[in-house]
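So in our numbering, the last spot in the sequence shown is 175, and the numbers never skip.
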Amino acid sequence: MQAVTTLWLVALARLVALAMFCCASAQAATYANTSFAYSWIDASSHAKLGYNTSPYRFNGSAGCGTTPPILDDTLSDALPIGFSFMYSGVAFSTVRVMTNGRLQFNNNVTCGYGSPVQTQPYPDSSLNYTMRIYGNDLDPTSKLELPSYNTACASRLTCYISYATIGTAPIAASW
1 MQAVTTLWLV ALARLVALAM FCCASAQAAT YANTSFAYSW IDASSHAKLG YNTSPYRFNG
61 SAGCGTTPPI LDDTLSDALP IGFSFMYSGV AFSTVRVMTN GRLQFNNNVT CGYGSPVQTQ
121 PYPDSSLNYT MRIYGNDLDP TSKLELPSYN TACASRLTCY ISYATIGTAP IAASW
């Protein structure tokens, strides 16, 4: 009986040692937000959306985000999309762009939260009729508009949010 008990203890010790060896390389999960330009559509002819663009702009007037020209966590004016868009059973004709990577319908002026995505308290009833398109903080503030601001955006040629009305699927947005 003592030999069987000893055998089981040795087997258990080996199992624990194996588990510790296998788990020794486990690390905490982290991520890095890295901008990467995509070429799904040619956005060169799209209207750019910024703090001083016309006829629509990021304005910060909803009491959310920063004050332009800094565009962190800031909402745009309501952009007419040129057609009736059905979303969750409701028809919309305008959308707001949020620099946290969201499209907000229903004249929604809720700020919500920035990045990272996993820390957000979803579901949030104040963010109804919202699409999280990009899924991370955009902040397209340009060094040309605010030289002292800590940003990688050196030019509107490479760092902008744009929109356009195109063909039968009338609106396109690019970051």
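Just so you know, even glycine gets a beta-carbon here, dropped at the ideal spot from N, CA and C.
Cα atoms of Ala164 and Ala47: separation of roughly 6 angstroms, rounded to the nearest angstrom.
The C-alpha of Tyr149 is placed about 35 angstroms away from the C-alpha of Ser93.
In the DSSP annotation of this structure, Val109 is not part of any beta strand (DSSP E), being labelled neither H nor E. In the structure shown, Thr130 falls within a strand segment according to DSSP collapsed to helix, strand and coil. Take Ala91, set aside five residues on each side of it, and the residues of its chain with a beta-carbon closer than 6 angstroms to its own are Ser84, in chain order. For Pro147, no beta strand (DSSP E) encloses it, and the DSSP letter there is neither H nor E. Contact check for Tyr56 and Asp73: beta-carbon distance about 18 angstroms, past the 8 angstroms limit, so the pair fails to qualify. Per DSSP, Gly82 is one residue of the beta strand (DSSP E) stretching across 79-87.
Per DSSP, Ile161 is one residue of the beta strand (DSSP E) stretching across 161-165.
When secondary structure is reduced to three states using DSSP, Thr74 falls in the coil class, being assigned neither helix nor strand. Taken atom to atom, the span from the alpha-carbon of Ser44 to that of Asn59 is near 23 angstroms. Rounded to the nearest angstrom, the gap between the Cα atoms of Ala13 and Thr5 is 12 angstroms. Contact annotation: Gly101 and Leu138 have beta-carbon atoms nearer than 9 angstroms.
Thr141 is classed as buried because its beta carbon has at least 16 other beta carbons within 10 Å across all chains shown.
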